[in-house]
Amino acid sequence: LWKKVDPPADDPYFKTNTDGTTVDGDGFRIAAASRRGRSHEHAGTFRDDDFFVHHDADSGWSVLIVADGAGSAKNSRWGSKLAAEVAGRHLVSSLSGDFGARMDTAISEWDEEPAVAGKVVGDEFHYLFHKMGSLAVQAIDAEAQAKGMPAKDYATTLLAAVSKRQGSETFLASFWLGDGAIAAYGPQGKVRLMGTPDSGDFAGQTRFLDRSAMTDHAFGKRVGVGRYTDLCAVFLMTDGISDPRFETDNGLVDARKWDALWEEMSPFLASPEPEKALIQWLDFFAPGHHDDRTIAVLYACVS
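End of the sequence shown = 403 in my numbering, gap-free, step of one.
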């Protein structure tokens with residue numbers, strides 16, 4: 101039988117078993133929820149996932165991040181927390197300042213010269229996400245050094261997206277390092293995956309945030325940009341959800357699977373307190389899949 105054992109409350113890296121929040125935007129909402137997996141409940145260990153979400157009403161920019169601490173790294177729960185918070189704060193600060201203003205101008209010219217605008221915006225977000233990742237790595241390295249531990253003890257993935265809605269148009273830029281998924285969904289029957297999950301040679305392996313990831317010549321492939329019409333939702337999720345729901349990389353690009361997920365989740369998102377409803381939904385049972393689960397959703401198609 102599955103047991104539910106709480107981790108030690110006096111641990112210096114204490115983290116609650118669940119977490120969630122909802123943010124209201126202009127004509128849309130952002131809901132995020134995270135839940136400790138059954139394997140962690142049974143062993144009495146902490147939730148390793150974390151998230152960050154924010155909407156700036158003045159600039160109109162939204163930020164969504166999910167991070168999945170490595171199960172084999174003893175302090176990864178704090179690595180995911182540091183990475184999400186540091187990355188999130190940098191994105192919010194940049195988008196509310198000169199960088200955000202420059203992107204507003206470039207996006208406004210998208211229809212006139214889409215190829216030029218796309219190139220300019222893509223290059224700008226490449227640099228922004230590289231700085232974001234570098235700051236997160238520095239924060240993890242500093243914490244590890246302060247505690248006299250190797251940085252790999254704080255290993256985490258990092259998935260980030262920034263969005264700006266203008267009428268029926270949604271601009272989306274994303275950064276994807278590790279497994280899990282980032283997707284632009286909708287209308288029904290349509291999904292655009294914003295990258296490719298990092299999968300190792302064996303089940304459960306992936307790529308984690310570290311200095312080598314920041315110097316990788318293929319870093320640019322982790323950045324995606326797009327401008328979409330009539331988008332229902334932007335999804336970010338850790339592999340605790342994507343693995344049981346989509347099973348394979350081919351499954352991730354199957355719009356029918358996303359339609360089914362959207363139909364199942366919509367009543368929870370329509371709840372007066374969607375973050376609490378999502379925490380409940382994250383307790384779904386899937387044989388063989390008992391990892392932590394974290395999701396962040398920006399949505400506008402439920403009522």
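For every residue, glycine included, the Cβ atom is placed at its ideal position computed from N, Cα and C.
Under 8 Å between C-beta atoms of residue i and residue j
| i | j | result |
| --- | --- | --- |
| GLY144 | ASP106 | yes |
| LYS252 | ALA173 | yes |
| VAL291 | ALA355 | yes |
| ALA283 | TRP178 | no |
| GLU375 | GLY120 | yes |
| TRP362 | TYR285 | yes |
| SER159 | LEU195 | yes |
| ASP391 | GLY278 | no |
| VAL216 | MET203 | no |
| ILE341 | PHE271 | no |
| LEU389 | ASP349 | What sits at residue 389 in the sequence shown is His, not Leu. No. Outside cutoff. |
Assigned exposure category for residue i - 16 Cβ within 10 Å defines buried
| i | result |
| --- | --- |
| HIS190 | buried |
| ALA183 | buried |
| PRO214 | exposed |
| TRP102 | exposed |
| LYS264 | buried |
| SER176 | buried |
| GLY200 | buried |
Expected contact under 8 Å - CB spacing of residue i and residue j to nearest Å
| i | j | result |
| --- | --- | --- |
| VAL334 | VAL237 | Not really, about 25 Å apart at Cβ, beyond 8 Å. |
| GLY320 | HIS226 | 6 Å |
| LEU293 | LEU352 | 6 Å |
| GLY127 | ALA370 | The Cβ separation is near 15 Å, so there is no contact. |
| LYS181 | ASP150 | 5 Å |
Three-way DSSP call (helix, strand, coil) for residue i in this model
| i | result |
| --- | --- |
| PHE151 | strand |
| SER164 | Checking the sequence shown, residue 164 turns out to be Leu, not Ser. Correct three-state label for LEU164: strand. |
| GLU224 | helix |
| VAL186 | helix |
| THR296 | coil |
| GLN380 | helix |
| PHE229 | helix |
| SER371 | coil |
| GLU364 | helix |
| GLN266 | strand |
| ASP392 | coil |
| GLY169 | strand |
Cβ neighbours of residue i in the same chain (closer than 6 Å, five flanking residues each side left out)
| i | result |
| --- | --- |
| THR116 | none |
| SER134 | ASP119, ASP149, PHE151, THR394 |
| LYS104 | GLU141 |
Cβ shell of residue i (< 7 Å), same chain only, five flanking positions each side left out
| i | result |
| --- | --- |
| GLY295 | SER274, TRP276, ILE282, ARG322, GLY324 |
| HIS155 | VAL123, GLY125, ILE130, SER162 |
| ALA246 | none |
| VAL402 | SER366, LEU369, ALA370 |
Proximity test, Cβ basis, 8 Å: residue i and chain D
| i | result |
| --- | --- |
| GLU209 | The structure shown contains no chain D; it holds only a single protein chain. |
Own chain, CB closer than 8 Å to residue i, minus 5 neighbours either side, in chain order
| i | result |
| --- | --- |
| PHE346 | ALA281, LEU352, ASP354, LYS357 |
| GLY233 | ALA187, LEU258, PHE275, LEU277, LEU309, ALA313, MET314 |
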